[in-house]
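What follows is a short report on a single structure.
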Amino acid sequence: MKWIEVTTYEEMSRIAAELFSKQMKANPKSVLGLATGGTPVGLYEVLVEEVKAGDISFKDITTFNLDEYVGLAKNSPASYWTYMHETLFNHVDINEDNVHLPNGVATDLEAECENYDKRIAAAGGIDLQLLGIGVNGHIGFNEPGTSFDSLTHVVELTESTRTENAIYFEEGAEMPTHAVTMGIQSIMNAKEIVLLAFGERKLEAMEQLKTGKLSEDFPASQLTTHDNITIIYGGTK
Ligand code: GLP
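If you read the sequence shown in the numbering used here, its first letter stands for residue 12, the second for the next number, and so on.
Here's what the structure looks like:
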């Protein structure tokens with residue numbers, strides 16, 4: 012486990028971007044696991060700049076996102092599909108056929124979950140997985156109490172997560188109660204992981220992670236057993 016402490020958000024984003032561009036240059040057909048939330052926005056901005064400068068290309072890259080809200084169609088303003096397109100995909104040379112997010116409006120959500128893990132495996136597995144972390148230690152949408160063995164599944168969001176994420180929803184818009192998320196085991200299957208955490212509200216989670224104590228009440232703790240993980244964290248934002 013590699014811990015990198017930074018002082019600014021820009022520094023965190025730049026170091027994370029270096030890991031991603033290194034991976035993409037080493038294997039232009041890499042399979043990347045991507046995350047949403049406020050934390051990775053700076054990283055995606057750097058990657059867009061690097062594509063525009065001709066340093067890296069998404070032409071043959073495949074992506075799998077961690078999660079999506081149940082009940083939100085792709086084009087819904089608060090869907091993670093929309094977030095990913097507005098923040099990254101619309102600005103880079105990715106082939107839309109290689110973009111994967113769970114379908115939160117699938118009629119058979121169980122089949123959708125099962126297929127998602129199959130599609131990751133068929134693509135050869137995830138080479139580099141990006142993660143943020145919830146204040147309660149959730150990764151993807153794996154809330155406290157989720158089994159470490161979990162594969163992609165439907166979750167009921169906790170009150171804490173719904174409150175945290177309400178800022179991404181327009182005033183008056185209904186906040187979803189459920190989401191589809193890659194499971195903890197699906198995440199652990201990645202060959203390499205990079206977790207980003209910035210700001211005061213994430214400090215407690217970082218302290219807890221550093222203890223190395225394994226508990227399903229703190230989903231991120233399982234990451235301490237991964238043999239190729241970098242945690243870039245810091246700041247009082
Ligand atoms: C959501 C996402 C997580 C993300 C977390 C933290 O719950 N499902 O994948 O890590 O938010 O978000 P933020 O980066 O905005 O703090």
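In this text, a Cβ means the ideal position worked out from N, Cα and C, and glycines have one as well.
None of these values were measured; they are calculated from a predicted model.
Using only alpha-carbon positions, find the residue among LYS213, GLY223, MET35 and TYR179 that is nearest to ILE243.
LYS213
Is the beta carbon of ALA46 within less than 6 Å of some heavy atom of the ligand GLP?
yes
Along the chain, which unbroken stretches of the beta strand (DSSP E) at least 3 residues long are found entirely within the region 119-170?
Secondary structure in the region 119-170: the beta strand (DSSP E) runs of 3 residues or longer, each lying completely within the stretch, are 139-142 and 164-167 in chain order.
Looking at GLY156: is its Cβ nearer than 7 Å to the Cβ of GLU227?
Contact flag set, yes.
Let me check you understand the geometry: is the CB of GLY151 closer than 6 Å to at least one non-hydrogen atom of the ligand GLP?
yes
Can you find a heavy atom of the ligand GLP that lies under 6 Å from the Cβ of GLY156?
no
Cβ of VAL205 within 7 Å of Cβ of ALA27?
yes
Sort out for me which residues DSSP pairs ASP78 with in a bridge.
THR192
Which full runs of the alpha helix (DSSP H) of 4+ residues lie inside the region 17-70, going along the chain?
Within the region 17-70, the complete alpha helix (DSSP H) segments at least 4 residues long are 20-37 and 52-63, listed from N- to C-terminus.
With distances taken from CA atoms, which of LEU168, ASP128, GLU215 and LYS202 is nearest ASN239?
The residue with the shortest Cα to Cα distance from ASN239 is LYS202.
ILE163: CB within 6 Å of a non-hydrogen atom of the ligand GLP
This sequence places Thr at residue 163; Ile is not what is there. Incorrect: THR163 has no Cβ contact closer than 6 Å to the ligand GLP.
Any heavy atom of the ligand GLP closer than 6 Å to the Cβ of THR50?
yes
Does DSSP classify PHE100 as helix, strand or coil?
helix
Taking one C-beta from the region 103-111 and one from the region 150-170 each time, how about it: are there three or more such pairs within less than 8 Å?
In short, these stretches do not touch, since the Cβ pair count stays below three.
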